[in-house]
Amino acid sequence: MSHTPINELNDRTRNIFRMVVESYLESGAPVGSRTISKFPGLNLSPASIRNVMQDLEEAGLLAAPHTSAGRMPTESGLRLFVDGMMQAAEPSVEERRAIESQIRGEGPIEEALAAATSVLSGLSACAGIVLVPKRDAVMKSFSFARLSGTQVLAIMVGTDNSVENRVVGTDASVSDSALVEASNYISARLSGLTLSEALLRLDGEIRAEKAELDNASEKLVRDGLAIWSLDANDRPVLIVRGQSNLIDEAAAADLDRVRQLLDELESKEEIARLVDSARDAQSTRIFIGSENNLFSLSGSSVIAAPYREAGGKVVGVVGVIGPTRLNYARIVPMVDFTAQALGRLIK
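Written as structure tokens, this is what we have:
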């Protein structure tokens, strides 16, 4: 984070800093004083501009990658620009149409989310990401199969005919008859319910002594249902599209950083947790480079916005991942518009 408040920069310094940052974000290349001197309305010599850029470098807002090169903003400089100087541009009519055309009400919600991620990736030239709403599966049937003396396989079939398996640890004394009893109880008494609803009903029947399960079968039922709830919380579903956009001409000179970012994208759980932290934001959150430990090596940025259901509850997060030299002024409102469009789709 920058320790230089925007109001501590005089008008000339602020203007030059803004020009350097905007030129860098547009070109991806360090910006020299001669380039800045050609901007209309500045009326300063390259030498005067160089002095100001030197002051900005000493303040930690600009950096020179090479002695003879121009300057580029540091992560602290980018943060100062984004928070205090950036003038966001509304998405164009064409961009809004492209986004809305992909976010339609027909078909599974996951298809709309994947389509939104793809179009956002294409428009931003970044990797698009979306955190899928956490939804309880509705059970059709449930069974247990022994794996070893202390492990059983819990097998759940959903009403959409999806099949999921989880390994559940058990006491060595659990008998085969307890496995059958637990399987029959769940299928007979709890099918048609979500996992959270099934756990509530199980608790209610146990308190009312209506469960008709022995202690071993009761524990097995509870553990078998609970492991899915824990799994859903620990493993949010993340859709990533457009990783190939990260390998552009500007990235050719910095292949190590790109490889590092692609490796980081493979760690979906870590990225999902980072993206999920944007749930509490009122609109869009921006993570720049090493502000987050996950991207400390690749120097990447994340722009993410929560999307809400009709009642205002946050159900997921959508955004993009790319290099720190993103066109923040254009992409931030684009991500925000996509989040609003998804919100209109979620019922």
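For the sequence shown, the positions run 16 to 362 when my numbering is used.
A virtual CB, placed ideally from N, CA and C, is assigned to each residue, including glycine.
Checklist line | First through last residue of the alpha helix (DSSP H) which encompasses Asn25 | finding: Taken as a continuous stretch (DSSP letters only), Asn25 belongs to no alpha helix (DSSP H), as it is neither H nor E.
Notebook entry, point to check: For chain D, is any of its Cβ atoms less than 8 angstroms away from the one on Leu168?
Noted result: The structure shown contains no chain D, having only a single protein chain.
Next item on the list: State the DSSP-derived secondary structure class of Asn66, mapped to helix, strand or coil.
Entry: helix
Note to self: Give me the residue from Gly184, Lys155 and Ala203 with the minimum Cα distance to Leu162.
What the structure shows: Gly184
Check: So what does DSSP say about Gln102, is it helix, strand or coil?
Finding: coil
Next item on the list: Quick one: give me the first and last residue of the beta strand (DSSP E) that Gln166 is part of.
Entry: Gln166 to Gly173
Check: Going along the chain, which residues of its own chain have a beta-carbon closer than 6 angstroms to the beta-carbon of Ser17, five neighbours each way excluded?
Finding: Model confidence at Ser17 stands at a pLDDT of 46, short of 50, so the residue's coordinates are unreliable; what they give is reported in the following sentence. Taken in chain order, the residues that qualify are Ser91, Arg94 and Leu95.
Checklist line | Simplified DSSP state of Asn180, which is helix, strand or coil | finding: strand
Note to self: So, with DSSP's three-state summary, where would you put Thr366?
What the structure shows: The displayed coordinates of the chain run from 16 to 362. Any statement about residue 366 would go beyond what the structure contains.
Checklist line | alpha helix (DSSP H) segment containing Ser192, residue limits | finding: Asp191 to Tyr200
Notebook entry, point to check: According to DSSP, is Thr50 helix, strand or coil?
Noted result: helix
Checklist line | Nearest-angstrom Cα separation, counted from Met87 out to Val335 | finding: 22 angstroms
Next item on the list: Could you spell out the range, first to last residue, of the alpha helix (DSSP H) harbouring Ala7?
Entry: The requested residue 7 does not occur in the structure, where the chain is confined to residues 16 to 362.
Item checked: Bridge partners - Ile286, DSSP secondary structure assignment -> Ile286 pairs with nothing; no bridge assigned.
Next item on the list: In angstroms with no decimal places, state the Cα-to-Cα distance between Arg300 and Arg237.
Entry: 38 angstroms
Margin query: By alpha-carbon positions, which one of Leu341, Ala325, Thr339 and Phe352 ends up nearest to Val333?
Written below: Phe352
Item checked: Neighbourhood of Ile303 by C-beta distance below 8 angstroms, restricted to the same chain and skipping five residues each side -> Glu90, Leu93, Arg94, Val97, Ser316 and Thr339
Notebook entry, point to check: Does the Cβ of Pro321 have 16 or more other Cβ atoms within 10 Å, making it buried, or fewer, making it exposed?
Noted result: buried
Check: Secondary structure at Arg340, three-state DSSP: helix, strand or coil?
Finding: coil
Margin query: Starting from Ile303, trace the alpha helix (DSSP H) in both directions and tell me its first and last residue.
Written below: Counting along the chain, Ile303 falls outside any alpha helix (DSSP H), though it belongs to the beta strand (DSSP E) covering Arg300 to Ile303.
Note to self: With H, G and I counted as helix, E and B as strand and the rest as coil, what does DSSP make of Lys328?
What the structure shows: coil
Notebook entry, point to check: Can you name, in chain order, every residue of its own chain whose Cβ lies under 7 angstroms from the Cβ of Arg288, other than the five neighbours on each side?
Noted result: none
Margin query: Is it the case that the stretch 192–200 contacts the stretch 125–136, given that we only count it when at least three CB pairs across the two stretches are under 8 angstroms?
Written below: no
Note to self: DSSP three-state label for Val35, please.
What the structure shows: helix
Check: In terms of alpha-carbon separation, which member of Pro348, Ile361, Ala354 and Ala356 lies closest to Glu105?
Finding: Pro348
Check: Does the stretch 55–73 touch the stretch 100–119, meaning 3 or more C-beta pairs lie closer than 8 angstroms?
Finding: no
Item checked: Status (buried if at least 16 other CB within 10 Å, exposed otherwise) for Pro80 -> exposed
Next item on the list: Report the rounded CA-to-CA distance for Thr50 versus Ile31, giving the unit in angstroms.
Entry: 11 angstroms
Notebook entry, point to check: Does the ligand GTP have a heavy atom nearer than 7 angstroms to the CB of Glu279?
Noted result: The ligand GTP is not among the ligands present in this structure, which contains no ligands whatsoever.
Item checked: Buried or exposed (CB count within 10 angstroms, at least 16 for buried), Glu41 -> exposed
Margin query: On the DSSP letters alone, give me the boundaries of the beta strand (DSSP E) that Ile254 sits inside.
Written below: Leu253 to Arg256
Margin query: My output table needs one value for Ser60: the three-state DSSP class, helix, strand or coil.
Written below: coil
Item checked: DSSP three-state assignment for Ala160, whether helix, strand or coil -> strand
Notebook entry, point to check: Taking the beta strand (DSSP E) that Ile118 falls in, what are its first and last residues?
Noted result: Where Ile118 is concerned, there is no enclosing beta strand (DSSP E), given that its DSSP letter is neither H nor E.
Next item on the list: Specify the secondary structure class of Ala84 as computed by DSSP and reduced to three states.
Entry: coil
Notebook entry, point to check: How big is the Cα-Cα spacing for Asn342 and Ala241?
Noted result: 44 angstroms
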